[in-house]
Amino acid sequence: MKFLAPRAILVPGALVAVCLDRGEATAEVEARIAQVRPLGSSSTMGQASGEFGIRVIGADNRGLIWVDYRDLRYLAGPPSTKGATLLSERRWIESVILGQYTLETWYSSPYPEPYTEVTRLLICPYCMRYMRTERAYQKHMEACSLRMHPPGLRIYADGYISVYEVDGRSSKLFCQCLCLLAKLFLDSKSLFYDTEIFLFYVMTVDRNVLEQDMRDAYGNCDDQNAGYRHNVRGTFASPTAYLERDEVFVGYFSKEKTEWNVLACLLVLPCYHRMGLGTQLIDFAYLIGGVENRQAGPEEPLSKLGEATFHIYWRRRVLEYILGDALGLDLEKLRGELPLISSSSKEVVDLGPSSGLTEDSGLSHTSRTSGIGHVKISIVDLCEATGLLKRHAFTALAALPHLRFRQTDAFEIPPATQDGLISFYRRQEGRRIGKLARHRLQAGALHWNTYTTLYRRKDRLV
1 MKFLAPRAIL VPGALVAVCL DRGEATAEVE ARIAQVRPLG SSSTMGQASG
51 EFGIRVIGAD NRGLIWVDYR DLRYLAGPPS TKGATLLSER RWIESVILGQ
101 YTLETWYSSP YPEPYTEVTR LLICPYCMRY MRTERAYQKH MEACSLRMHP
151 PGLRIYADGY ISVYEVDGRS SKLFCQCLCL LAKLFLDSKS LFYDTEIFLF
201 YVMTVDRNVL EQDMRDAYGN CDDQNAGYRH NVRGTFASPT AYLERDEVFV
251 GYFSKEKTEW NVLACLLVLP CYHRMGLGTQ LIDFAYLIGG VENRQAGPEE
301 PLSKLGEATF HIYWRRRVLE YILGDALGLD LEKLRGELPL ISSSSKEVVD
351 LGPSSGLTED SGLSHTSRTS GIGHVKISIV DLCEATGLLK RHAFTALAAL
401 PHLRFRQTDA FEIPPATQDG LISFYRRQEG RRIGKLARHR LQAGALHWNT
451 YTTLYRRKDR LV
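Note that UniProt numbering gives residue 5 to position 5 of the sequence shown, counting from 1, and the numbers run on in steps of one.
Here it is, written out as structure tokens:
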């Protein structure tokens, strides 16, 4: 006879064992109860019916798993998984409305107690304030003081992308709300209210460019009540949430004022994934690091998603240094000659003669290899030009094809390898969808001076 634990002890934070279907087999795993659904309520985002929302211990859970109390077995002891963290959340916010989209949340966030009583929050796309009711949301949208642009100073603008520098001390409320929003999509974020020691760099994108790239990346959608649900984990919100600003908030990164790292936390909203905006934020972090004349990297350890994004950026940055600085290729011209593609048209980039691209495209020489020969590249020069740390440059070089690289202070690239790297770069850029993915930040569009604050680097001041 199966023992059913009393519902009174199945409270948020309780340790339980639950049977989950893992393919052909059924496995019993340890989990923590994160949320208890009130009797008679229903999920707003379509989860399976169940009373208890659980998170499996030791797994990278995005969202809750809803089960019935009959499938749970109460455990009185600590979890057996080493290094497991206990859940502290009492309830789970299932979705947020931000501007045009309703986004499903991935993780919990420590919003104040009254706002955790609902499963859906409405967040102002201008100031990031959060509300529970549509009436309060609409009233706030009419009187929001940040309708024109985010707080802080606009330090970068190139027609496509703008970046605002926000001090966590002078705009504390905005930064706190931004951190709470970021925790809904970042599992490793642990700072929410102590924002005084951080600088926040908020990125916005021109509305027309963003909407065109959204159509290219996810296809056209005429029904704004159900569009983009499958691709971006969310749907369009009601027309009352339409943004009047010409630029749209897409993400941000933050860095500690006294640390040497280029950034500490990075977020791109899930509805704007697969558009190259993560690498744009990273590129901007290294851009201002270059103004400060320093080589640095992100705060570690990185999450899985952050590590993948940084590896993509490091590989692209090192490859562009080799092709542009060492071989003297005109990369901007090369990218401009590649045709733009969209996921809806399912076009395949043809790099043959029919595409109009010749072997001399983007080159400053009569042929790709004539007159160049073997090119010797110094790791020191590469790191100084790109701002990468030596170990990050090694990681990027090891990921490049056609390149036989050993961890030495210098290496040579023969003509045959140069041709392979050029072909690889054209294939990679040809697969990118939309203008933002191929866009590169311009140093001339940055209007920013370094601070006189001393940075702390290990055991010495720099």
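Just so it is clear, CB atoms sit at the ideal spot from N, CA and C, and this is done for glycine as well. All figures in this text were calculated on a predicted structure; none of them were measured in a lab.
Checklist entry - Nearest to GLY159 by CA position, among VAL209, ARG147, LEU327, is which residue? => result VAL209
Checklist entry - Do LEU64 and ILE54 have their C-beta atoms within less than 8 Å of each other? => result yes
Next on the checklist: Rounded to the nearest angstrom, what separates PHE52 and SER108 at their Cα positions?
Outcome noted: 15 Å
Item to check | Local conformation of PHE174 per DSSP, three classes | outcome: helix
Item to check | First and last residue of the uninterrupted alpha helix (DSSP H) at ARG147 | outcome: Note, ARG147: premise wrong, no alpha helix (DSSP H); not H, not E.
Next on the checklist: Taking a contact to mean a Cβ-Cβ separation below 8 Å, would you say CYS177 touches ARG129 in this structure?
Outcome noted: yes
Item to check | Under the three-state DSSP convention, the category THR279 falls into | outcome: helix
Item to check | Separation of ASP194 from GLU337, as counted between CA atoms | outcome: 47 Å
Item to check | Segment contact flag, the region 408 to 416 with the region 253 to 273, C-beta cutoff 8 Å, min 3 pairs | outcome: no
Next on the checklist: Restricting to Cα atoms, I'd like to know which of PHE394, LEU121, GLN138 is closest to ARG132.
Outcome noted: LEU121
Next on the checklist: Can you find the residues in the same chain that come closer than 8 Å, C-beta to C-beta, to LEU323, ignoring five residues on each side of it along the sequence?
Outcome noted: LEU329, LEU331, LEU421, ILE422, TYR425
Checklist entry - Enumerated in chain order, which unbroken segments of the alpha helix (DSSP H) with a length of 4 residues or greater are wholly contained in the region 281 to 331? => result 304 to 320
Checklist entry - Within 10 angstroms of its Cβ, does TYR451 collect 16 or more other Cβ (buried), or is it exposed? => result exposed
Next on the checklist: Using CA atoms only, rank isn't needed, just tell me which of GLY251, TYR218, LEU98, ALA437 is closest to GLU134.
Outcome noted: LEU98
Checklist entry - Are the beta-carbon atoms belonging to LEU20 and VAL11 less than 8 Å from one another? => result no
Next on the checklist: Given this structure, state the Cα-to-Cα distance separating PRO301 from GLN138, to the nearest angstrom.
Outcome noted: 40 Å
Next on the checklist: Quick check on ARG317: buried or exposed, where buried means 16 or more other Cβ atoms within 10 Å of its Cβ?
Outcome noted: buried
Item to check | First through last residue of the beta strand (DSSP E) which encompasses CYS265 | outcome: 265 to 268
Next on the checklist: My output table needs one value for MET141: the three-state DSSP class, helix, strand or coil.
Outcome noted: helix
Checklist entry - Is the CB-CB distance between LEU191 and THR105 below 8 Å? => result no
Next on the checklist: Assuming residue 465 is part of the beta strand (DSSP E), what are its boundary residues?
Outcome noted: Because the chain is modelled from 1 through 462, residue 465 falls outside the range shown and cannot be assessed.
Checklist entry - When burial is assigned at 16 or more other CB atoms within 10 Å of the CB, is GLY306 buried or exposed? => result buried
Checklist entry - Exposed or buried, LEU173, counting other C-beta atoms within 10 Å across all chains shown (16 or more means buried)? => result exposed
Checklist entry - Counting Cβ pairs, one atom from each stretch, are 3 or more of them under 8 Å apart for the region 195 to 214 and the region 256 to 276? => result yes
Next on the checklist: With H, G and I counted as helix, E and B as strand and the rest as coil, what does DSSP make of ASP158?
Outcome noted: coil
Checklist entry - Quick one: what does DSSP say GLU28 is sitting in, helix, strand or coil? => result strand
Next on the checklist: Quick check: what's the CA-CA separation for LYS346 versus ARG274?
Outcome noted: With a pLDDT of 45 at LYS346, under the threshold of 50, the modelled position of that residue is not reliable, and the figure given next carries that caveat. The alpha-carbon atoms of LYS346 and ARG274 are separated by roughly 16 Å.
Item to check | Helix, strand or coil at GLU89 according to DSSP, with G and I counted as helix | outcome: For GLU89, the predicted model reports a pLDDT of 41, less than 50, meaning its position is unreliable; a value from the coordinates is still stated below. GLU89 falls in the coil class under three-state DSSP.
Item to check | Beta-carbon gap between VAL166 and ILE155 smaller than 8 Å | outcome: no
Checklist entry - For the candidate residues ILE93, PRO125, THR102, whose alpha-carbon lies nearest to that of PRO112? => result ILE93
Item to check | Closest by C-alpha distance to LEU267, when choosing among LEU181, ASP216, GLN212, ALA326 | outcome: LEU181
Item to check | ARG169 and GLY276 closer than 8 Å at C-beta | outcome: no
Checklist entry - Out of curiosity, what's the CA-to-CA distance linking CYS271 and ARG207? => result 14 Å
Checklist entry - Where LYS333 and LEU397 are concerned, what is the direct C-alpha to C-alpha distance, given to the nearest angstrom? => result 24 Å
Checklist entry - Can you round the beta-carbon distance between GLY387 and GLY289 to whole angstroms, since I take them to be within the 8 Å contact cut? => result 5 Å
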